[in-house]
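Trainee:
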Amino acid sequence: MTNVEIKKGRESPPRLFDLTALQVQCNNQLGLSAEDTLKIVQTLYEKKAVSYPRVDTTFLPDDIYPKIPGILRGIGYGNLTGPLLEKKIPKSPKVFNNNKVTDHHAIIPTGSGGPGGGMESSVYDIIVRRFIAAFYPDCEVSNTTVLAEAAGFLFRVRGRQILSPGWRVVYGDPTQQAAPKPAAPAGEKATGNDEDDLVSTVLPSFAKGESGPTSRASKAR
Numbered sequence: 207m208t209n210v211e212i213k214k215g216r217e218s219p220p221r222l223f224d225l226t227a228l229q230v231q232c233n234n235q236l237g238l239s240a241e242d243t244l245k246i247v248q249t250l251y252e253k254k255a256v257s258y259p260r261v262d263t264t265f266l267p268d269d270i271y272p273k274i275p276g277i278l279r280g281i282g283y284g285n286l287t288g289p290l291l292e293k294k295i296p297k298s299p300k301v302f303n304n305n306k307v308t309d310h311h312a313i314i315p316t317g318s319g320g321p322g323g324g325m326e327s328s329v330y331d332i333i334v335r336r337f338i339a340a341f342y343p344d345c346e347v348s349n350t351t352v353l354a355e356a357a358g359f360l361f362r363v364r365g366r367q368i369l370s371p372g373w374r375v376v377y378g379d380p381t382q383q384a385a386p387k388p389a390a391p392a393g394e395k396a397t398g399n400d401e402d403d404l405v406s407t408v409l410p411s412f413a414k415g416e417s418g419p420t421s422r423a424s425k426a427r
């Protein structure tokens, strides 16, 4: 290795869903049209499994905060909600903001009622996991750039190492998940971080001056 550059960073949990973001996620993950997603989430709302779906905000009002532990207990997913319920639920301004909520808040599970199976269950699972992830800590990463020389050519590879998975445990093996898209600035539409993106390069540890076989590297320009 001729050079190793490491920069530590943090990845915030994805924002809660508004209707548009949920439709995009269900299309990406389940292949559903926007119309089909709306029909399914409307059915879930009528079953009292999720909150009102026709919303354009990704935030919750402050008066929902005291209800969060009860919702977490009611949705199941005990292996994921258990660690949250063992301590005080964090109150992040990225989740709670009265100024960003009008008549209705972001789409979340209610903690009562449930899906009827099939695609309903899949859409419900997407909503629930996004809700749970919102209360997990940031994912801590190191973004690494490695320069190496082989057969007279200079190669470069970029990737990341997960130092502390944080919210990514809600979506399975953190090493098989892509780095999230940047969060939208305040006042703009936020589509969240798509947990079904293609996997990014996850690198092992490198040290400057070490040698050995390499792969997944691209020739430096």
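For the sequence shown, the residue numbers in this note's numbering are 207 to 427.
We put the CB at the ideal spot given by N, CA and C, even for glycine.
Note that the coordinates shown come from a computational prediction; the quantities given were computed from them, not determined experimentally.
Just confirm the distance between the C-beta atoms of T308 and V210, as a whole number of angstroms; I'd bet it's less than 8 Å.
Mentor: Actually they do not touch by this definition, with Cβ atoms about 49 Å apart.
Trainee: In terms of DSSP beta bridges, what is A356 paired with?
Mentor: Its beta-bridge partners are F359.
Trainee: In terms of alpha-carbon separation, which member of R336, P321, L291, Y271 lies closest to R279?
Mentor: For R279, the nearest C-alpha among the options comes from L291.
Trainee: In the structure shown, what three-state DSSP assignment does L250 receive?
Mentor: It is helical.
Trainee: Return helix, strand or coil for G365, following the three-state DSSP convention.
Mentor: G365 falls in the strand class under three-state DSSP.
Trainee: May I ask you to report which of helix, strand or coil DSSP gives G319?
Mentor: It is coil, neither helix nor strand.
Trainee: Taking only three categories from DSSP, how would you classify S370?
Mentor: Residue state, collapsed to three classes: strand.
Trainee: Report yes or no: do the segment 362-372 and the segment 294-302 share at least 3 C-beta pairs separated by less than 8 Å?
Mentor: No, the segment 362-372 does not touch the segment 294-302.
Trainee: Please classify G184: does DSSP put it in a helix, a strand, or coil?
Mentor: Nothing about residue 184 can be reported from this structure: the residues present for the chain run from 207 to 427 only.
Trainee: When you compare the segment 351-364 with the segment 261-269, are there three or more beta-carbon pairs, one atom per stretch, that lie closer than 8 Å?
Mentor: The segment 351-364 is not in contact with the segment 261-269.
Trainee: Below 8 Å on the Cβ atoms is my contact criterion, and I expect F302 with Y271 to pass it. Report the Cβ-Cβ distance as a whole number of Å.
Mentor: Sure, about 6 Å apart at Cβ, within 8 Å.
Trainee: Could you check which residue in G276, L238, G378, P380 has the C-alpha nearest to that of P315?
Mentor: Of the candidates G276, L238, G378, P380, the one whose C-alpha sits nearest the C-alpha of P315 is G276.
Trainee: Measure the C-alpha to C-alpha separation of F337 and L360 and round it to an integer number of angstroms.
Mentor: Their Cα atoms are separated by approximately 45 Å.
Trainee: Whole angstroms are fine: how far does the CA of D224 sit from the CA of N305?
Mentor: One C-alpha to the other measures close to 16 Å.
Trainee: By alpha-carbon positions, which one of Q382, G378, Q383 ends up nearest to N285?
Mentor: Ranking Q382, G378, Q383 by Cα distance to N285 puts G378 first.
Trainee: When the Cβ atoms of the segment 310-325 are set against those of the segment 247-256, are three or more pairs found closer than 8 Å?
Mentor: Contact between the segment 310-325 and the segment 247-256 is present, because at least three Cβ pairs lie under 8 Å.
Trainee: What's the gap between the Cα of L244 and the Cα of I313?
Mentor: Those two C-alpha atoms are separated by around 12 Å.
Trainee: Can you give me the start and stop residues for the alpha helix (DSSP H) that P289 sits inside?
Mentor: Its alpha helix (DSSP H) spans residues 284-291.
Trainee: Go through its chain and collect everything with a Cβ distance to K213's Cβ below 6 Å, but skip five positions before and after it.
Mentor: Closer than 6 Å at Cβ, skipping near neighbours: N349.
Trainee: Tell me the DSSP bridge mates of S348?
Mentor: Answer is K214, Q367, bridged to S348.
Trainee: Going by beta carbon distance, what residues of the same chain come within less than 7 Å of S327, once the five residues before and after it are set aside?
Mentor: Once the five neighbours on either side are set aside, the close Cβ partners of S327 are P321.
Trainee: For my contact list, I332 and Q235 are in at a C-beta cut-off of 8 Å; report their separation, rounded to the angstrom.
Mentor: Their Cβ separation, rounded to whole angstroms, is 7 Å, which keeps I332 and Q235 in contact under 8 Å.
Trainee: Ordered along the chain, which non-local residues of its own chain (more than five positions away) have a Cβ less than 6 Å from that of R216?
Mentor: D344, E346.
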